[in-house]
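Visitor: Quick one: the structure is below, questions incoming.
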Amino acid sequence: MASRAVMGKVPSKVTSCLISTSKTVARSPLFKANSQQPGSRSLSTSSLASSTRMFAQSQRHINLFPALSRRQYSQIQHSAQYGQPTWMTHPHLMKQGEITPGISSAEYEVRRTLLMECLPKNSIVISTSHRTRFMTNNIFYPFHQHTDFSYLCGFNEPDSALVLEKDDSPRGYKMTMFVAPKNANVEMWEGARTGLDAAKEVFGADEAVDANLFRYRIVDMTSRYENVYFDYPTPSVFMPIEIAKKLHNKPGSDAMNAPKGLSPLIQEQRVIKSEAEIKLMRQAGEISGKAFIETMKFTDPARLEHQVYAKFDFECRMRGSQMMAYVPVVAGGSNALTMHYVNNDQPLKDGDLLLMDAGGEYNGYASDITRTWPVNGKFTQAQKDLYEVVLNANKECIKLCTEEHGLSLNQIHDVSMRLTKEGLAKLGIKPLANDVDRRLYPHHVGHYLGMDVHDTGDISRSRVLKEGMVITIEPGLYIPRDSAYPEKYQGIGIRIEDNVVIGKTVPHVLSVTAPKEVVDIEYCCNN
Numbered sequence: 001m002a003s004r005a006v007m008g009k010v011p012s013k014v015t016s017c018l019i020s021t022s023k024t025v026a027r028s029p030l031f032k033a034n035s036q037q038p039g040s041r042s043l044s045t046s047s048l049a050s051s052t053r054m055f056a057q058s059q060r061h062i063n064l065f066p067a068l069s070r071r072q073y074s075q076i077q078h079s080a081q082y083g084q085p086t087w088m089t090h091p092h093l094m095k096q097g098e099i100t101p102g103i104s105s106a107e108y109e110v111r112r113t114l115l116m117e118c119l120p121k122n123s124i125v126i127s128t129s130h131r132t133r134f135m136t137n138n139i140f141y142p143f144h145q146h147t148d149f150s151y152l153c154g155f156n157e158p159d160s161a162l163v164l165e166k167d168d169s170p171r172g173y174k175m176t177m178f179v180a181p182k183n184a185n186v187e188m189w190e191g192a193r194t195g196l197d198a199a200k201e202v203f204g205a206d207e208a209v210d211a212n213l214f215r216y217r218i219v220d221m222t223s224r225y226e227n228v229y230f231d232y233p234t235p236s237v238f239m240p241i242e243i244a245k246k247l248h249n250k251p252g253s254d255a256m257n258a259p260k261g262l263s264p265l266i267q268e269q270r271v272i273k274s275e276a277e278i279k280l281m282r283q284a285g286e287i288s289g290k291a292f293i294e295t296m297k298f299t300d301p302a303r304l305e306h307q308v309y310a311k312f313d314f315e316c317r318m319r320g321s322q323m324m325a326y327v328p329v330v331a332g333g334s335n336a337l338t339m340h341y342v343n344n345d346q347p348l349k350d351g352d353l354l355l356m357d358a359g360g361e362y363n364g365y366a367s368d369i370t371r372t373w374p375v376n377g378k379f380t381q382a383q384k385d386l387y388e389v390v391l392n393a394n395k396e397c398i399k400l401c402t403e404e405h406g407l408s409l410n411q412i413h414d415v416s417m418r419l420t421k422e423g424l425a426k427l428g429i430k431p432l433a434n435d436v437d438r439r440l441y442p443h444h445v446g447h448y449l450g451m452d453v454h455d456t457g458d459i460s461r462s463r464v465l466k467e468g469m470v471i472t473i474e475p476g477l478y479i480p481r482d483s484a485y486p487e488k489y490q491g492i493g494i495r496i497e498d499n500v501v502i503g504k505t506v507p508h509v510l511s512v513t514a515p516k517e518v519v520d521i522e523y524c525c526n527n
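Shown next as structure tokens:
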């Protein structure tokens, strides 16, 4: 999805530590163990345990095993209900030892350990979940967890909290979870809760506390620490505004020991994806790519934009996507000149192009793909001319997405802008002064992608790209209805967006399933 450039700052004290350790762990045997590449055999539980031991002994000296031993797991009743899928209740979705589909308990342990190891002594971390949001009265929106909170523990219930206290234990920290207790009456109406016991047994907490006690416990807990890492949350019953203020104005606070932002530190880890994460994102891209194929086949002048939206949504969900990663842009004709057109309520017209910016979310990881195709299945010459300008910029910029090239997203954007201007010049189009970056191509070439669509927003796009980062490459061209431009090009909007993993020497395109060559699009639309 097209985005503006946003620059972010990250505290320098722990940044270098997080960058180096997150990159090391992303390539460790542990992270590779749960990531199956095409043609490879899945590793057994014993293999995962073996690689876990090796990594723990040689690199970190921490306990990376799941919270329960195999014998303890066998004692859990498989009929027990939790507030989210587990490998015990949903073996068709998850493998043994996974906390969330595709991500093991060992990987969550590594994430927390990396964070705590890079913090000074006498530190405490507080991460809070999202709350339930309501459309009206008792009608709630579908719940989507706060991604930083989810990244650290995988717990998927609202009004919860994770507290990590740095200590000298073998684990390196104490983990306390504040969660809703089991309540038969509430669960009869709202569904199962995980409860306090499972927060320890399944999610690995050292202590689990009734979430209703959070407001009373947290101020006392933080008063014992010099370094408090905490993001100011949206006020709720769970985190009243007066409690949040107390955390930010605790006795003895000054410029040195006032609460510090947590999200920038977590994002330093999140920006480099593990192989398990990339595997999930590859699946998200494949699901969405196949949905694009079916949606192209479905498109014709008799359709409405919202019907095309519905088709794409349906095809993603039928292939395993749980939801749309964002509200899709389904823009026929000149509607594509609006970058984030989401009304999606106009009829399609014969002879127009259709720009669709959409992606499914798969097990917590987003895809973000844009394709542009002719409503009637055949590009006009003018449409094809402009399309090839954008396609060339897309393909050339993707080639630069390697660590070897040593470029940043901002530098790749500059390349895309140059290529766009050169392509327009070949067509005899002479933009008005500053019109290319003001109207013809007003958005950035890309952004980071991961658990969020616009992922790790605190990471600057001027940072040099490293292996394991995932970004979008999405040049575009939007010709306004202005007499300064040839009439045959006016009202045409084109964007081509791919999801790309930064490789050491070769980029890896996650959205390759979605057709983007002219011949492939026309074939798909007409067959």
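Residue numbers (UniProt numbering): 1 to 527.
We put the CB at the ideal spot given by N, CA and C, even for glycine.
Bear in mind the structure is a predicted one, so any value in this text is a computation, not a measurement.
Considering only residues of the same chain and omitting the five flanking positions on each side of T505, which have a CB-CB separation below 7 Å?
Guide: Counting from 1 along the sequence shown, the entry for residue 505 is found at position 505. Closer than 7 Å at the Cβ level, and outside the excluded window around T505, lie T402 and E404.
Visitor: Go through the region 327-390 residue by residue and report every complete run of the beta strand (DSSP E) that reaches 3 residues or more, in order.
Guide: 329-332, 353-358, 360-362 and 369-374
Visitor: Given A192, which residues of its chain have a CB within under 8 Å of its CB, disregarding the five upstream and five downstream residues?
Guide: As a working note, residue 192 is residue 192 in the sequence shown. Around A192: Q81, Y82 and G83.
Visitor: Can you tell me whether T505 is helix, strand or coil according to DSSP?
Guide: For the purposes of this step, residue 505 is taken as the residue at position 505 of the sequence shown. Coil, per DSSP.
Visitor: If you reduce the DSSP assignment to three classes, tell me which class F203 lands in.
Guide: One-based indexing of the sequence shown puts residue 203 at position 203. DSSP places F203 in coil when its eight states are reduced to three.
Visitor: Whole-angstrom Cβ separation of N363 and T100, contact assumed at under 8 Å?
Guide: Counted from its first residue, the sequence shown places residue 363 at position 363. Counted from its first residue, the sequence shown places residue 100 at position 100. Between T100 and N363 the Cβ distance is about 7 Å, and since that is below 8 Å, they are a contact.
Visitor: For a quick check, are the C-beta atoms of N227 and K174 less than 8 Å apart?
Guide: Stepping through the sequence shown from its first residue, residue 227 is reached at position 227. Stepping through the sequence shown from its first residue, residue 174 is reached at position 174. Contact flag unset, no.
Visitor: Looking only at DSSP bridge pairs, what is A161 linked to?
Guide: For the purposes of this step, residue 161 is identified with residue 161 of the sequence shown, where counting begins at 1. According to DSSP, which records beta bridges pairwise, A161 is partnered with T128 and F178.
Visitor: Let me make sure I understand the geometry here. Which of G289, P264, L337 and T132 has the alpha-carbon closest to that of F230?
Guide: The count along the sequence shown starts at 1 and reaches residue 230 at position 230. When each option's Cα is compared against that of F230, the closest is P264.
Visitor: Looking only at its own chain, which residues have a Cβ that is under 6 Å from the Cβ of E497, when we skip the five neighbours before and after it?
Guide: Position 497 of the sequence shown, counted from the start, is the residue given in the question as residue 497. I369, T370, T472 and E474.
Visitor: Measuring alpha carbon to alpha carbon, tell me which of F149, A331, G333 and F312 ends up nearest M323.
Guide: In the sequence shown, residue 323 corresponds to position 323, counting from 1. Out of F149, A331, G333 and F312, F312 has the C-alpha closest to the C-alpha of M323.
Visitor: So, at 6 Å on beta carbons, what are the nonlocal neighbours of S334 in its own chain, with the 5 sequence-adjacent residues on each side left out?
Guide: Counting from 1 along the sequence shown, the entry for residue 334 is found at position 334. Cβ within range, chain order: G491.
Visitor: On the three-pair Cβ rule with 8 Å, is the region 207-219 touching the region 161-176?
Guide: yes
Visitor: Name the one or two DSSP bridge partners that T136 has.
Guide: The count along the sequence shown starts at 1 and reaches residue 136 at position 136. In DSSP, T136 forms a bridge with I139.
Visitor: Quick check on R481: buried or exposed, where buried means 16 or more other Cβ atoms within 10 Å of its Cβ?
Guide: Indexing the sequence shown from 1 puts residue 481 at position 481. Within a 10 Å sphere around the beta-carbon of R481 sit fewer than 16 other beta-carbons, which makes this residue exposed.
Visitor: Tell me where the alpha helix (DSSP H) around L409 begins and ends.
Guide: The count along the sequence shown starts at 1 and reaches residue 409 at position 409. The continuous alpha helix (DSSP H) containing L409 extends over residues L409 to K426.
Visitor: Name the DSSP bridge partner or partners of T472?
Guide: One-based indexing of the sequence shown puts residue 472 at position 472. Looking at the DSSP assignment, T472 forms a beta bridge with N499.
Visitor: On a Cα-Cα basis, can you pick out the residue from G359, Q346 and E305 that is closest to V327?
Guide: Start at 1 with the first residue of the sequence shown, and residue 327 comes out as number 327. Selected option, being the one with the closest Cα: G359.
Visitor: Could you check what DSSP says for M323 in three-state terms: helix, strand or coil?
Guide: Taking the first residue of the sequence shown as 1, we reach residue 323 at position 323. Strand at M323.
Visitor: What residue from Q283, Y387 and P442 has the CA that sits closest to L427's CA?
Guide: As a first step, residue 427 is located in the sequence shown; it is residue number 427 there, counting from the start. Of the candidates Q283, Y387 and P442, the one whose C-alpha sits nearest the C-alpha of L427 is Y387.
Visitor: Measure the C-alpha to C-alpha separation of F155 and S460 and round it to an integer number of angstroms.
Guide: Taking the sequence shown and counting its residues from 1, the one referred to as residue 155 is at position 155. Taking the sequence shown and counting its residues from 1, the one referred to as residue 460 is at position 460. Looking at the two C-alpha atoms, the distance is approximately 28 Å.
Visitor: Would the beta-carbon of S288 fall within 8 Å of that of S511?
Guide: By 1-based counting over the sequence shown, the position of residue 288 is 288. By 1-based counting over the sequence shown, the position of residue 511 is 511. Their beta carbons are under 8 Å apart, which means S288 touches S511 by this criterion.
Visitor: Would you mind working out which of H306, E190, I521 and I429 sits nearest P347, comparing C-alpha positions?
Guide: Taking the first residue of the sequence shown as position 1, residue 347 is located at position 347. Closest by alpha carbon: H306.
Visitor: For D210, list the residues DSSP reports as bridge partners.
Guide: Position 210 of the sequence shown holds residue 210. According to DSSP, which records beta bridges pairwise, D210 is partnered with V179.
Visitor: Below 6 Å CB to CB, which residues in the same chain sit around Q283 once its five sequence neighbours on both sides are set aside?
Guide: In the sequence shown, residue 283 corresponds to position 283, counting from 1. Same-chain partners within the cutoff: Y362.
Visitor: If you run the structure through DSSP and keep just helix, strand and coil, what is residue 573?
Guide: It is not possible to answer for residue 573, since the shown part of the chain is limited to 1 through 527.
Visitor: Please report how far the alpha carbon of H444 lies from the alpha carbon of C316, in whole angstroms.
Guide: What you label residue 444 is simply residue 444 of the sequence shown in a count that begins at 1. What you label residue 316 is simply residue 316 of the sequence shown in a count that begins at 1. Answer to the nearest angstrom: the Cα atoms are 27 Å apart.
Visitor: Taking the Cβ atom as the reference point for each residue, do N434 and V470 lie within a distance shorter than 8 Å?
Guide: Within the sequence shown, numbered from 1, the residue matching residue 434 stands at position 434. Within the sequence shown, numbered from 1, the residue matching residue 470 stands at position 470. Taking 8 Å as the Cβ cut-off, N434 and V470 do not qualify as a contacting pair.
Visitor: Among the candidates Y225, H447, D458 and L304, whose CA atom is the shortest distance from the CA of A2?
Guide: To locate residue 2, count along the sequence shown from 1; it is residue 2. The residue with the shortest Cα to Cα distance from A2 is H447.
Visitor: Taking C-alpha atoms, which residue in E190, A366 and L304 lies nearest to A325?
Guide: Here residue 325 refers to the residue found at position 325 when the sequence shown is read from its first residue. Answer by Cα proximity: A366.
Visitor: Exposed or buried, which one is R71 when buried takes at least 16 other CB atoms within 10 Å?
Guide: Position 71 of the sequence shown, counted from the first residue, corresponds to residue 71. Since pLDDT at R71 reaches only 39, below the 50 mark, its modelled position is unreliable, and the value read off the structure follows with that caveat. In the assembly as shown, R71 is an exposed residue. Its beta-carbon has fewer than 16 other beta-carbons within 10 Å.
Visitor: If M451 sits next to R270, beta carbons under 8 Å apart, how far is it from one beta carbon to the other, in whole angstroms?
Guide: Here residue 451 corresponds to residue number 451 of the sequence shown, with the count starting at 1. Here residue 270 corresponds to residue number 270 of the sequence shown, with the count starting at 1. Going by Cβ atoms, the distance from M451 to R270 rounds to 7 Å, so yes, they are a contact pair.
Visitor: Less than 8 Å between the CB atoms is what I'm expecting for A208 and V179, so what's the real figure, rounded?
Guide: Here residue 208 refers to the residue found at position 208 when the sequence shown is read from its first residue. Here residue 179 refers to the residue found at position 179 when the sequence shown is read from its first residue. Yes, A208 and V179 are in contact; Cβ-Cβ is about 6 Å, under 8 Å.
Visitor: Let me make sure I understand the geometry here. Which of K378, Q381, M417 and T380 has the alpha-carbon closest to that of C397?
Guide: Residue numbering aside, residue 397 sits at position 397 when the sequence shown is read from its first letter. Of the candidates K378, Q381, M417 and T380, the one whose C-alpha sits nearest the C-alpha of C397 is M417.
Visitor: Assign I103 to one of three DSSP states: helix, strand, or coil.
Guide: On the sequence shown, residue 103 is found 103 positions in, with the first residue counted as 1. Strand, per DSSP.
Visitor: Does the Cβ-Cβ distance between P374 and L353 come in under 8 Å?
Guide: As a first step, residue 374 must be located in the sequence shown, where it is residue number 374. As a first step, residue 353 must be located in the sequence shown, where it is residue number 353. Going by C-beta atoms, P374 is nearer than 8 Å to L353.
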